[in-house]
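Number of protein chains: 2
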Amino acid sequence: MDLFISKYFNKIDKKGRISLPSSFRNVLPKANRNEIILYKSIKSSSIEGCGVGRLKEIAKRINNLDFFSEDYDDFSTSIFSEIVTTNVDKEGRFLIPEELKLYAGIKTEAAFFGQGHFFQIWEPKQGLKNTEDSRRRLLKEKKSLRMMLTQQK
Amino acid sequence: MDLFISKYFNKIDKKGRISLPSSFRNVLPKANRNEIILYKSIKSSSIEGCGVGRLKEIAKRINNLDFFSEDYDDFSTSIFSEIVTTNVDKEGRFLIPEELKLYAGIKTEAAFFGQGHFFQIWEPKQGLKNTEDSRRRLLKEKKSLRMMLTQQK
DNA sequence: TGGGATTATATGGGCGTCAATGGGTATATG
DNA sequence: CATATACCCATTGACGCCCATATAATCCCA
């Protein structure tokens, strides 16, 4: 499986380390399995993460913008300077930077939510609540949900 | 990772030295890891920097402007004549020229902001404010920032 | 097929290494 | 000769690597 799926609740130890769920590690390309990128989610108080490969895609896109435009700087600043790379140790653990932990309200435990091509890290309770909320929103529009699930390709 | 990513806040010591963040040093080609170039940003009161190899890329971008336009001369002059090269010592530190420090309002501390293929050096508070401002501008066009981050392939 | 054995995962902790920083001294350069 | 700058060494704290353990999952063979 090459997608981030399911959810996991892991602990942060005294040194600040937390295990990246094993199934998530397996999604990362064997080449760069010891490095991930993290950034603040745009739409929620959670952290989003993925493998470094994705970053190169983003870099390419930004590079195609007009170098002398204001947009270029805005994108470049908001993305490159806000993204952090983190090393995953041999045991599959990594450190969540303090600033990101603050942003997401994470203290001693964190929840990983698979999102397909990326994943989110939440303060456990907030994460569960978010899942409920989004499911509730979806069910209000059952029709569109059914369409999304059944309409293949 | 071969991109300048994330942000770092380092101190300037009595001798005027400041550490280039370790992850930034690793972006520089092993051959010229002890030399960087610095110049005043055209668009903000910050210093921009990169490895010497990037000069060619800058030249190309300027060359792509209309040769007979006023912009061409302005950019060409503003950038090329203002570029300075600086040596990075064995411990990874370098000196920011006085004129550039003045331009950016830097005194005892500086913030490094990754910008992909180059980086910016800011007076810490101004740098943080700039990040907020540019993010605010982008969030007005939420869709485009999300596309930049999530678009596949 | 059941139950013991092997493997994997999450977690804990010791310790060496590296990054950021400080300072002394040599060297260069005008 | 005076000032600036590079090299060398030292310190501190953070982080990566190694080893260890407990629990869970898987295997495997009688």
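Chains as they are written, first to last, in the working numbering: chain A, 8 to 160; chain B, 8 to 160.
Don't be surprised by glycine CBs; every beta carbon is placed ideally from N, CA and C.
Keep in mind it's a predicted model, so treat the numbers as computed, not measured.
Per-residue DSSP class, three states only, for residue i
i, result
"B/Lys18", "strand"
"B/Tyr110", "helix"
"B/Phe87", "helix"
"B/Gly60", "coil"
"B/Gln122", "coil"
"B/Gln127", "strand"
"A/Phe31", "helix"
"B/Phe82", "helix"
"B/Ile54", "strand"
"A/Glu116", "strand"
"B/Met155", "helix"
"A/Asp73", "coil"
"B/Ile65", "helix"
"B/Glu139", "helix"
"A/Lys149", "helix"
CB contact flag (residue i, residue j, <8 Å)
i, j, result
"A/Phe119", "A/Tyr15", "yes"
"B/Gln133", "B/Glu55", "no"
"A/Ile65", "A/Ile86", "yes"
"B/Glu116", "B/Lys18", "yes"
"B/Leu152", "B/Leu145", "yes"
"A/Gly112", "A/Glu130", "yes"
"B/Phe11", "B/Arg61", "no"
"B/Met155", "A/Val59", "no"
"B/Gly121", "B/Ser26", "no"
"A/Asp80", "B/Ser13", "no"
"A/Asp47", "A/Glu89", "It is worth fixing the name first, because residue 47 of chain A is Lys in this sequence and not Asp. Closer than 8 Å, so yes."
"A/Phe74", "B/Arg68", "yes"
Beta-bridge pairing of residue i - partner residues as DSSP gives them
i, result
"A/Ser26", "A/Arg100"
"B/Thr93", "B/Ile43"
"B/Phe11", "B/Gly123"
Outcome for residue i when other beta-carbon atoms lying within 10 angstroms are tallied against a minimum of 16
i, result
"B/Lys160", "Confidence at B/Lys160 is low in this model, with a pLDDT of 48, below 50, so the placement of that residue should be treated as unreliable; the coordinate-derived value is given next. Flag for B/Lys160 reads exposed."
"A/Leu109", "exposed"
"A/Thr157", "exposed"
"A/Ser76", "exposed"
"A/Ser53", "buried"
"B/Pro36", "exposed"
"A/Thr84", "buried"
"A/Phe82", "buried"
"B/Asn71", "exposed"
"B/Gly123", "buried"
"B/Lys114", "exposed"
Touching by the beta-carbon criterion (3+ pairs, under 8 Å), the stretch 39-48 of chain B and the stretch 38-45 of chain A = no
Is the stretch 25-32 of chain B touching the stretch 91-101 of chain B in the sense that three or more CB pairs, one from each, lie closer than 8 Å?
-> Three or more beta-carbon pairs drawn from the stretch 91-101 of chain B and the stretch 25-32 of chain B are found closer than 8 Å, and the two stretches are therefore classed as touching.
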